[in-house]
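Using full-length UniProt numbering, the final residue of the sequence shown is 277, and nothing's skipped along the way.
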Amino acid sequence: MAFDASTINFEQQAYSYSNSYGFDSLALNDAQDQPVDSAMRFNESPAHRLPKYLSTAPEKDWDYLMGQTYTILGLSVATVGLMTFLPESVTNWTPEDRDFSNLAGKWWDNVSAGPVWDKDDHYLNYVMHPYFGGVYYTAARHSGFTEFESFLYSFTMSTFFWEYGVESFAEIPSIQDIIVTPLFGAAVGEWMYLTEKEIVADGGEVMGSDTLGGVSLFFLNPVGHIHYWVTDWWQGDTDVRMNYDPWFNNHDAARFAADAGAPYDSQFIGMQVSLKF
1 MAFDASTINF EQQAYSYSNS YGFDSLALND AQDQPVDSAM RFNESPAHRL PKYLSTAPEK
61 DWDYLMGQTY TILGLSVATV GLMTFLPESV TNWTPEDRDF SNLAGKWWDN VSAGPVWDKD
121 DHYLNYVMHP YFGGVYYTAA RHSGFTEFES FLYSFTMSTF FWEYGVESFA EIPSIQDIIV
181 TPLFGAAVGE WMYLTEKEIV ADGGEVMGSD TLGGVSLFFL NPVGHIHYWV TDWWQGDTDV
241 RMNYDPWFNN HDAARFAADA GAPYDSQFIG MQVSLKF
C-alpha cells in the first residue's frame, strides 16, 4: 500500500454547534418532530445542513455511491485479514484456506467448485449476512437510488464482489449467502434506512439519549459514517486503484528485496492508495 502525503493542506472551517455525530443544531431544530417524509424533503433541500450519510441525495449520485464502494472495498480487505486471525471454529477456514501463497489458483478452484450448501453457524448465515446485505442496500439508498435499484446494488456487491470475489480467495461460494444476503438484506436495509430517518427526525436521540442515538445511527449505516470520517480527514483528495505489478513496479524496492533474498513471485495483487492531507 503506497501513501502519498507530499501535499499537506489545512483548512479552517467554521461550524455551528454540533454533537459528536455531526448534527447541526439549526438543522435538527428544523427537522425535529416532523414525519419521516418531511425529514427526507428537508434533507433534500439545497440549504440542508445534514451530512450525506444522514440525508438522501435528491437524485442518483453515482460519485457518492462509487466513493462508498471504495470504502466497502477497503473494509472488506481488512475484514478478510482479520478473519485469518480468528479461530477455525468461527470462520470454518482450514489452515489451507488461510494460505494465500497461490491466490489466483485458489480463487479459480473455489469458484469452479461452487456454489455449495455451507455449514456455517446460523447466526452467520441468517443474522450477519442479512445485516451486511442491508449495509450495501443503505449505501445505495443514501445515494438517491430506489428500493429496487438498491436491491440490485446489494445483490451485485454481495454476490459478485464478496461471494464470488473477496471471499472466494478463502472458501467456496455459498448457496445460502447468494440468496439470503441480498434478499433478506433488502428488507433489513429498508428497515435500517427508515429507522435512521426517524432517529434523525427525532434530533438524533433514542429514548432521549444522544449517545444511544449516535451508536444506533452508526450501526444502521456504518459505511456512510466511515466513508464520511475518512473523506473528511483526507479532504476527499484520494486516489485508489488496483495494482498487479510486483512491488508496485518499483524497481528499487524489487532490487532491494532480491538482494535481501526475498523470492520473486510474478503473481501479485495489491491496492495502491494515494492520500493528500
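The C-beta atom is built at its ideal place from N, Cα and C for all residues, glycine as well.
Remember, it's a predicted structure, so these values are computed and weren't measured experimentally.
Check whether the segment 144 to 164 and the segment 176 to 187 touch, using three or more Cβ-Cβ pairs below 8 Å as the test. Segments in contact, yes.
### Task
Return the residue from the list 134, 51, 114, 205 that minimises the CA-CA distance to residue 171.
Position 171 of the sequence shown, counted from the start, is the residue given in the question as residue 171. Selected option, being the one with the closest Cα: 114.
Practice prompt. Output the distance between the C-alpha atoms of residue 196 and residue 215, rounded to the nearest integer angstrom.
Written response: Translated into positions along the sequence shown, residue 196 becomes position 196. Translated into positions along the sequence shown, residue 215 becomes position 215. Rounded to whole angstroms, residue 196 to residue 215 spans 11 Å at the Cα level.
- Would you call the segment 133 to 152 and the segment 64 to 77 in contact, with 3 or more CB pairs under 8 Å? Verdict: yes, contact present.
Does the segment 138 to 147 come within contact of the segment 221 to 230, defined as at least 3 CB pairs closer than 8 Å? The segment 138 to 147, when compared against the segment 221 to 230, does touch it at the 8 Å Cβ threshold.
### Query
Roughly how many angstroms lie between the CA atoms of residue 228 and residue 260, to the nearest whole one?
Position 228 of the sequence shown, counted from the first residue, corresponds to residue 228. Position 260 of the sequence shown, counted from the first residue, corresponds to residue 260. Taking the Cα positions, residue 228 is about 41 Å away from residue 260.
- Query: How would you label residue 363, buried or exposed, when you count the other beta carbons within 10 angstroms and need 16 or more for buried?
  - Reply: As shown, the chain starts at 1 and ends at 277. That puts residue 363 outside it, with no answer to give.
Could you have a look at residue 21 and say whether DSSP puts it in helix, strand or coil? Working through the sequence shown from its first residue, we reach residue 21 at position 21. With a pLDDT of 47 at residue 21, under the threshold of 50, the modelled position of this residue cannot be trusted, and the question is left open.
Answer with buried or exposed for residue 52, where buried requires no fewer than 16 other C-beta atoms within 10 angstroms of its C-beta.
For the purposes of this step, residue 52 is taken as the residue at position 52 of the sequence shown. Buried: at least 16 other Cβ atoms inside 10 Å.
| task | State the Cα-Cα distance for the pair residue 117 and residue 168, rounded to the nearest angstrom. | result | For this step, residue 117 is matched to residue 117 along the sequence shown. For this step, residue 168 is matched to residue 168 along the sequence shown. Each residue's Cα considered, the two are about 14 Å apart.
* To do: Look up residue 174 in the DSSP assignment and give the residues it is bridged to.
  => For the purposes of this step, residue 174 is taken as residue 174 along the sequence shown, with counting starting at 1. According to DSSP, residue 174 shares a beta bridge with 116.
#### Entry: Beta-carbon contacts of residue 182 that lie in its chain and below 6 Å, excluding the five residues immediately before and after
Locating residue 182 in the sequence shown gives position 182, counting from the first residue. 133, 154, 155, 158.
Q. Which term fits residue 188, buried or exposed, when burial requires 16 or more other beta carbons within 10 angstroms of its beta carbon?
A. Reading the sequence shown from its first residue, position 188 is the one you call residue 188. Buried is the call here.
Report buried or exposed for residue 280, applying the criterion of at least 16 other Cβ atoms within 10 angstroms of its Cβ. The chain is shown from 1 up to 277; residue 280 falls before or after that span and cannot be answered.
Can you tell me where the alpha helix (DSSP H) holding residue 206 begins and where it ends? Within the sequence shown, the letter at position 206 stands for residue 206. If you look at residue 206, you'll find it isn't in any alpha helix (DSSP H); DSSP assigns it neither H nor E.
Quick check: residue 144 and residue 58, are their CB atoms within less than 8 Å of each other? What you label residue 144 is simply residue 144 of the sequence shown in a count that begins at 1. What you label residue 58 is simply residue 58 of the sequence shown in a count that begins at 1. Yes, they are a contact pair.
State the DSSP-derived secondary structure class of residue 224, mapped to helix, strand or coil.
Numbered from 1 along the sequence shown, position 224 holds the residue referred to as residue 224. It is helical.
Discussion item. Alpha carbons only, please: which of 103, 109, 150 is nearest the one belonging to residue 60?
Written reply: Residue 60 sits at position 60 when you count from the first residue of the sequence shown. Of the candidates 103, 109, 150, the residue whose Cα lies closest to the Cα of residue 60 is 150.
query: At which residues does the alpha helix (DSSP H) containing residue 126 begin and terminate?
result: Your numbering for residue 126 matches position 126 in the sequence shown. Neither: residue 126 is in no alpha helix (DSSP H) and is coded neither H nor E.
**Prompt:** Considering only the beta carbon of each residue, do residue 208 and residue 217 sit closer than 8 Å?
**Reply:** The sequence position of residue 208 within the sequence shown is 208, counting from 1. The sequence position of residue 217 within the sequence shown is 217, counting from 1. Against a cut-off of 8 Å, the Cβ pair of residue 217 and residue 208 comes out as no contact.
| message | According to DSSP, simplified to helix, strand and coil, what is residue 149? | response | Translated into positions along the sequence shown, residue 149 becomes position 149. Helix at residue 149.
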